[in-house]
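*Asks:* Below is a structure I'd like to ask you about.
Residue numbers (the working numbering), protein chains in the order written: chain A, -18 to 45; chain B, 174 to 339.
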């Protein structure tokens, strides 16, 4: 039986970087956001807020 | 309970009524590529009588009323908006902070040189540049402003690397 590779500490195989894993993920997320149009970025935010609204125990957040 | 946030519809209304306003805060960061979570829209508006009248029309159509923990319905009249304070509103598109200024009394005219028009679908909105947003957060003494700085700086750095001009 072949050995199973342990899961990547970053949770995402193929990323080769000296940066801490959280930093890599944050960079990936921002790079993805930058690849979107402004309209698409707003839709991402809308979707997230909608998800947060549906979360059990959701409460009014503080404003910026 | 959190309210939904529909900034696209809100900005369309603002654009259709030719309201002179600059998008600032978290949504301004998101629209420029930051990975940032916010639950309200912040705008700084030009405080001329003509613009206040246009803003009043847009707010009426957005069903805007003041945030009132007691549940009273207080609608933002043009008279109230001429006062120099901030107006924290709830609209049918979500929470909206209508601000006379941000930071150290930076009003519409002072922020405009550091703002740019951003195309959002079939309309445009004026947005405070990410670099300026970062500078304002860096000067802020509020913990929550300082907390989001790494996120904004990351977006600024990566935008520079990718020469993103959107």
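Ideal placement from N, C-alpha and C gives every residue a C-beta, glycine not left out.
For residue 210 of chain B, go through chain A and note every residue whose CB falls closer than 7 Å to its CB, in chain order.
*Replies:* Residue numbering aside, residue 210 of chain B sits at position 37 when the second chain is read from its first letter. In chain order: 29.
*Asks:* If we cut at 7 Å on Cβ distances, does residue 32 of chain A have a partner in chain B?
*Replies:* Here residue 32 of chain A is taken as the residue at index 51 of the first chain, counted from 1. Chain B, which has no Cβ nearer than 7 Å to the Cβ of residue 32 of chain A, makes this no.
*Asks:* Would you list, in chain order, the members of the segment 192 to 210 of chain B that have their beta-carbon closer than 9 Å to a beta-carbon of chain A?
*Replies:* Result list: 197, 198, 199, 200, 203, 204, 205, 206, 207, 208, 209 and 210.
*Asks:* Kindly indicate which three-state DSSP category residue 283 of chain B falls into: helix, strand or coil?
*Replies:* The count along the second chain starts at 1 and reaches residue 283 of chain B at position 110. Helix at residue 283 of chain B.
*Asks:* Can you check DSSP and say which residues form a bridge with residue 184 of chain B?
*Replies:* On the second chain, residue 184 of chain B is found 11 positions in, with the first residue counted as 1. According to DSSP, which records beta bridges pairwise, residue 184 of chain B is partnered with nothing at all.
*Asks:* Between residue 222 of chain B and residue 237 of chain B, which are expected to be in contact by the criterion C-beta below 8 Å, what is the C-beta distance as a whole number of angstroms?
*Replies:* As a first step, residue 222 of chain B must be located in the second chain, where it is residue number 49. As a first step, residue 237 of chain B must be located in the second chain, where it is residue number 64. Incorrect: roughly 19 Å between the Cβ atoms, too far for contact.
*Asks:* Taking a Cβ distance cut-off of 8 Å, strictly less, list which residues of the segment 279 to 305 of chain B are near chain A, in chain order.
*Replies:* Correct list: 291, 292, 293 and 294.
*Asks:* Is it the case that the CB of residue 285 of chain B approaches a heavy atom of the ligand SAH more closely than 6 Å?
*Replies:* The model depicted lacks the ligand SAH and carries no ligand whatsoever.
*Asks:* Out of curiosity, what's the CA-to-CA distance linking residue 7 of chain A and residue 27 of chain A?
*Replies:* Residue 7 of chain A sits at position 26 when you count from the first residue of the first chain. Residue 27 of chain A sits at position 46 when you count from the first residue of the first chain. For residue 7 of chain A and residue 27 of chain A, the distance between alpha carbons rounds to 19 Å.
*Asks:* May I ask you to report which of helix, strand or coil DSSP gives residue 201 of chain B?
*Replies:* Counting from 1 along the second chain, the entry for residue 201 of chain B is found at position 28. It is helical.
*Asks:* Helix or strand or just coil, what does DSSP make of residue 261 of chain B?
*Replies:* One-based indexing of the second chain puts residue 261 of chain B at position 88. Looking at residue 261 of chain B - three-state DSSP - the assignment turns out to be strand.
*Asks:* Can we say the segment 14 to 33 of chain A touches the segment 201 to 215 of chain B, given the rule of at least three CB pairs closer than 8 Å?
*Replies:* The segment 14 to 33 of chain A vs the segment 201 to 215 of chain B: in contact.
*Asks:* Considering only DSSP beta bridges, list what residue 275 of chain B is partnered with.
*Replies:* On the second chain, residue 275 of chain B is found 102 positions in, with the first residue counted as 1. BP columns for residue 275 of chain B point to B:279.
*Asks:* How is residue 169 of chain B classed by DSSP in three states: helix, strand or coil?
*Replies:* Past the edges of chain B, shown from 174 to 339, lies residue 169 of chain B, and the structure says nothing about it.
*Asks:* Under the three-state reduction of DSSP, which class applies to residue 29 of chain A: helix, strand or coil?
*Replies:* Within the first chain, residue 29 of chain A is the residue found at index 48, counting from 1. Here residue 29 of chain A sits in helix by DSSP.
*Asks:* How is the alpha helix (DSSP H) around residue 247 of chain B delimited, first residue to last?
*Replies:* Here residue 247 of chain B refers to the residue found at position 74 when the second chain is read from its first residue. Segment: none, residue 247 of chain B is in no alpha helix (DSSP H) and carries neither H nor E.
*Asks:* With 7 Å as the threshold, decide whether the Cβ of residue 331 of chain B is near any Cβ in chain A.
*Replies:* The count along the second chain starts at 1 and reaches residue 331 of chain B at position 158. So, interface residue.
*Asks:* So the alpha helix (DSSP H) residue 219 of chain B belongs to, where does it begin and stop?
*Replies:* Counting from one through the second chain, the residue named residue 219 of chain B turns up at place 46. Residue 219 of chain B -> no alpha helix (DSSP H), and no H or E assigned at all.
*Asks:* What residues in its chain sit with their C-beta under 7 Å from that of residue 304 of chain B, if we drop five residues either side in the sequence?
*Replies:* Taking the first residue of the second chain as 1, we reach residue 304 of chain B at position 131. These residues qualify, in order along the chain: 329.
*Asks:* Exposed or buried, residue 323 of chain B, counting other C-beta atoms within 10 Å across all chains shown (16 or more means buried)?
*Replies:* One-based indexing of the second chain puts residue 323 of chain B at position 150. Exposed, since its Cβ has fewer than 16 Cβ neighbours within 10 Å.
*Asks:* Run through chain A and tell me which residues come within less than 8 Å of residue 327 of chain B, C-beta to C-beta.
*Replies:* Mapped onto the second chain, residue 327 of chain B falls at position 154. Under the 8 Å cutoff, chain A gives 7, 8 and 11.
*Asks:* Can you tell me which residues form a DSSP beta bridge with residue 290 of chain B?
*Replies:* Translated into the one-based positions of the second chain, residue 290 of chain B becomes position 117. DSSP output for residue 290 of chain B lists B:299 as bridge partner(s).
*Asks:* Tell me, to the nearest whole angstrom, how far the beta carbon of residue 266 of chain B is from that of residue 30 of chain A; I am working on the premise that it is less than 8 Å.
*Replies:* Locating residue 266 of chain B in the second chain gives position 93, counting from the first residue. Locating residue 30 of chain A in the first chain gives position 49, counting from the first residue. Actually they do not touch by this definition, with Cβ atoms about 11 Å apart.
*Asks:* Would a C-beta distance cut-off of 7 Å place residue 203 of chain B and residue 215 of chain B closer than the cut-off?
*Replies:* Within the second chain, the letter at position 30 stands for residue 203 of chain B. Within the second chain, the letter at position 42 stands for residue 215 of chain B. No, they are not a contact pair.
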